[in-house]
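Just so you know, we're using the numbering used here here: the sequence shown kicks off at 25 and counts up by one.
Glycine included, every Cβ here is placed at the ideal spot set by N, Cα and C.
This one's a predicted model, so the numbers in the text were calculated from it and none came from an experiment.
Report on the following structure.
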Amino acid sequence: MYYVEWQKRGLPHIHILLWLKDKLKLNQIDNIISAEIPDPSSDKKLHDIFVKNMMHRPCGPHNAHASCMKNGKCSNKFPRKLQKETIHNENGYPQYRSISPADRGQTATIKLRNGDYATVGNSWVVPYSSVLTKLFNVHINVEACSSVRAIKYICKYINKGSDQAIFNFKNAELENTIDEVYIYQFGR
25 MYYVEWQKRG LPHIHILLWL KDKLKLNQID NIISAEIPDP SSDKKLHDIF VKNMMHRPCG
85 PHNAHASCMK NGKCSNKFPR KLQKETIHNE NGYPQYRSIS PADRGQTATI KLRNGDYATV
145 GNSWVVPYSS VLTKLFNVHI NVEACSSVRA IKYICKYINK GSDQAIFNFK NAELENTIDE
205 VYIYQFGR
């Protein structure tokens with residue numbers, strides 16, 4: 025199931041929902057989805073693509089005027105909590121393993137919009153698939169969702185469609201009949 029929407033600047037944005045035959049176990053999720061900066065000595069190409077596309081730019085105290093900031097907090101919940109293993113939370117989305125630099129986690133230096141540079145760790149990583157990131161060289165956020173509530177939300181979001189409005193102009197001199205069945209079917 026997929027849904028394509030057009031962002032404010034005219035760029036396409038797609039939501040894709042895939043159903044898997046077998047449910048993923050937590051240890052399998054880490055093989056498919058990562059929330060850690062890739063090691064540049066293991067895969068330099070992935071690391072370079074990743075730093076360019078998959079880091080949430082620092083916000084909050086680092087940039088209080090970032091577009092993601094709502095009521096003094098990042099609306100995307102960054103920086104994320106660092107943890108040594110992937111766990112399920114009550115929302116049906118896993119909290120992915122993301123190791124701190126003190127525990128052998130990687131850091132990356134990213135260029136900010138104002139031209140400055142910042143060194144960031146795994147708490148600023150957008151969950152991704154290394155295969156898709158290398159293949160498409162773009163920002164692709166990959167999430168595993170397992171609760172019925174999460175899946176219902178995603179299905180609703182994917183199927184929301186564009187807004188519709190019905191209006192008409194009436195001529196006061198003519199008798200205008202309203203075809204409510206047509207209006208209902210047209211608005212579906």
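Quick one: Cα of residue i to Cα of residue j, how far?
i: residue 80; j: residue 102; result: 8 Å
i: residue 76; j: residue 93; result: 21 Å
i: residue 67; j: residue 206; result: 58 Å
i: residue 134; j: residue 49; result: 33 Å
i: residue 25; j: residue 167; result: 15 Å
i: residue 148; j: residue 45; result: 31 Å
i: residue 99; j: residue 52; result: 28 Å
i: residue 140; j: residue 87; result: 12 Å
Out of the options, which has the shortest C-alpha to C-alpha gap to residue i?
i: residue 27; options: 179, 207, 205; result: 179
i: residue 128; options: 60, 45, 39; result: 60
i: residue 56; options: 40, 96, 155; result: 155
i: residue 47; options: 176, 169, 204, 173; result: 169
i: residue 172; options: 153, 160, 117; result: 117
Just reading off the beta strand (DSSP E) that residue i is part of, what are its end residues?
i: residue 143; result: 141-144
i: residue 110; result: Element bounds for residue 110: n/a, residue is neither H nor E.
Quick one: give me the first and last residue of the alpha helix (DSSP H) that residue i is part of.
i: residue 32; result: Counting along the chain, residue 32 falls outside any alpha helix (DSSP H), and DSSP gives it neither H nor E.
i: residue 134; result: It is not in any alpha helix (DSSP H) - residue 134 instead sits in the beta strand (DSSP E) that spans 132-135.
i: residue 70; result: 68-77
Would you list the residues sitting across from residue i in a DSSP beta bridge?
i: residue 84; result: 87
i: residue 97; result: 94
i: residue 52; result: Paired residue(s): none; residue 52 is not in a bridge.
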